[in-house]
Every structure is written in C-alpha cells, then in structure tokens.
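Residue numbers (this note's numbering), protein chains in the order written: chain U, 18 to 132; chain A, 808 to 916. Backbone N, C-alpha and C define an ideal beta-carbon position, used for all residues, glycine too. So the structure is just underneath, and the comments pick up after that.
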C-alpha cells in the first residue's frame, strides 16, 4: 500500500537536544511538506520541498531544518533553537501541486514533548 | 499575505445538515480543499474545488465562489462519526497550502 510513514509516533526530548523526525513516502510524489499543529489550532507550514535538493521556508521555519536528498524522504530536525517545540508534527505530500485534485496525503504524525 | 477564516465551532444533531463556511484573502490560488481531522489523528482529504460551483462526494459537498472569496463544506445526514475538526485550505501559486484555523463540529444524538 502506498502512503506516508512518519516516525517516531511519540518522542520525548530534553531541552537543548536536537531531534530528527522521519518522513518517507512511496507515492512517487514530487512535493512534500512539514506542518506543526498546536492543540486546538490549525496547521502551520514549517518547510516544503517541490523537488530533490531544494526546499523553501514556511511561516515558522525558525529553529527547524530539513533536507531532501531523495525524492521519497524529507526529514525534519527540531533544533535546540526552537523555543517551544512541544507540538504535533505532520508530514504531507502531493503529486504535482496545481495539477490535479489538490489532495494532500498526510502521515500519521509525530507527537513531540519537551521535558 | 494569505489568510482564511472559519467559525470555531458548530453543533448539530444526527441526521441534520450543516454548512461550514470559509472566507479567504489570497492573491492567487489553484483551488480550495477541505480536510477532516479526528482528535489525535491526521487530517484526511474530503474535497477540492478548482472551479467555481458545487462538488459532490457522497454525503459531503463543497462549494467555491472566487468572486466572493468564499467557500463552504456541506455535510448531509450527519452521523456521530462526523464529529471532528474541519479545515479549509488553499493551494496558492507558491505551490504550498495555507490552512484555515479549523471548525470543530459536534454532532449530538
């Protein structure tokens, strides 16, 4: 079955530590996205990538970093510079933005808690 | 910049029809999407409007009017399992999605 796999599902971090969230898709999608969701809130864009080896900052990129070395993989690193990282992180992908039904496919999410 | 507005909460009873509105301010976009999210879960795609008018998918319909900067999601024959948060989102010409704040729908027996 095609889809997006995020890991880990739950993660606890001590302050000052960097953590990396994994996102892998086998849908052959070009574009991938990372969103952050706080309780009772909408989705805010962290980073997105439309092609391998290229990515753009979203609205809340500070304290985060990404890479896109392979089409199927888009890992997100939450660095110690992110002051309030406790949140639900969602990875998503779409085949070709603007060409087609506009359906974003989401992973199951990673819930990060800073202790 | 781009922004979308939705009502924060809507309540309806089983079997009823409910409409969730979405107004937006954006300079240019491909289309308007709707997503459903149950507590603790990931959003799932419901509908997409690239053109003005009504799109129907089973019990769910979505509408877009670009001239009015407005869209809505219509849910018919409400069921308890429809209790969730609903998000509208626009796919802007920068090729990323901007999401609304979400509407929490509560379906009462």
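Please report the straight-line C-alpha distance between residue i and residue j, rounded to a whole angstrom.
| i | j | result |
| --- | --- | --- |
| residue 864 of chain A | residue 852 of chain A | 11 Å |
| residue 113 of chain U | residue 67 of chain U | 8 Å |
| residue 808 of chain A | residue 125 of chain U | 29 Å |
| residue 849 of chain A | residue 898 of chain A | 19 Å |
| residue 54 of chain U | residue 105 of chain U | 5 Å |
| residue 79 of chain U | residue 24 of chain U | 22 Å |
| residue 134 of chain U | residue 69 of chain U | In the structure as shown, chain U starts at 18 and stops at 132, and residue 134 of chain U therefore has no counterpart that could be examined. |
| residue 881 of chain A | residue 32 of chain U | 44 Å |
| residue 870 of chain A | residue 20 of chain U | 28 Å |
| residue 814 of chain A | residue 879 of chain A | 11 Å |
| residue 60 of chain U | residue 827 of chain A | 18 Å |
| residue 142 of chain U | residue 81 of chain U | Because residue 142 of chain U is not part of the residues shown, which for chain U are 18 to 132, the question remains open. |
| residue 883 of chain A | residue 58 of chain U | 25 Å |
| residue 916 of chain A | residue 123 of chain U | 30 Å |
| residue 903 of chain A | residue 116 of chain U | 13 Å |
| residue 34 of chain U | residue 28 of chain U | 12 Å |
| residue 824 of chain A | residue 885 of chain A | 6 Å |
Could you check what DSSP says for residue i in three-state terms: helix, strand or coil?
| i | result |
| --- | --- |
| residue 76 of chain U | coil |
| residue 26 of chain U | coil |
| residue 889 of chain A | helix |
| residue 18 of chain U | coil |
| residue 856 of chain A | strand |
| residue 133 of chain U | Because chain U here runs from 18 to 132, residue 133 of chain U falls outside it and cannot be looked at. |
| residue 67 of chain U | strand |
| residue 882 of chain A | strand |
| residue 900 of chain A | coil |
| residue 128 of chain U | strand |
| residue 121 of chain U | coil |
| residue 87 of chain U | strand |
| residue 910 of chain A | strand |
| residue 98 of chain U | coil |
| residue 109 of chain U | strand |
| residue 39 of chain U | strand |
| residue 82 of chain U | strand |
| residue 54 of chain U | strand |
To which residues of the same chain is residue i closer than 6 Å at the C-beta, ignoring the five residues directly before and after it?
| i | result |
| --- | --- |
| residue 894 of chain A | 842, 906, 907, 909 |
| residue 887 of chain A | 914 |
Leaving out five residues before and five after residue i in sequence, what residues of the same chain have Cβ atoms less than 7 Å from its Cβ?
| i | result |
| --- | --- |
| residue 857 of chain A | 837, 838 |
| residue 859 of chain A | 871, 872, 873 |
Beta-carbon within less than 8 Å of residue i's beta-carbon, same chain only, minus the 5 sequence neighbours each way: which residues are those?
| i | result |
| --- | --- |
| residue 913 of chain A | 816, 817, 818, 819, 890 |
Whether or not the stretch 812-820 of chain A and the stretch 861-877 of chain A are in contact is what I'm after, with contact meaning three or more pairs of Cβ atoms, one per stretch, closer than 8 Å; do they touch? Put simply, the stretch 861-877 of chain A does not touch the stretch 812-820 of chain A. Fewer than three CB pairs are less than 8 Å apart.
Going along the chain, which unbroken runs of the beta strand (DSSP E) with 3 or more residues stay wholly within the stretch 809-874 of chain A? 810-812, 816-820, 825-832, 836-844, 851-856, 860-864, 867-872
Any 3 or more C-beta pairs closer than 8 Å across the stretch 26-41 of chain U and the stretch 95-110 of chain U: yes
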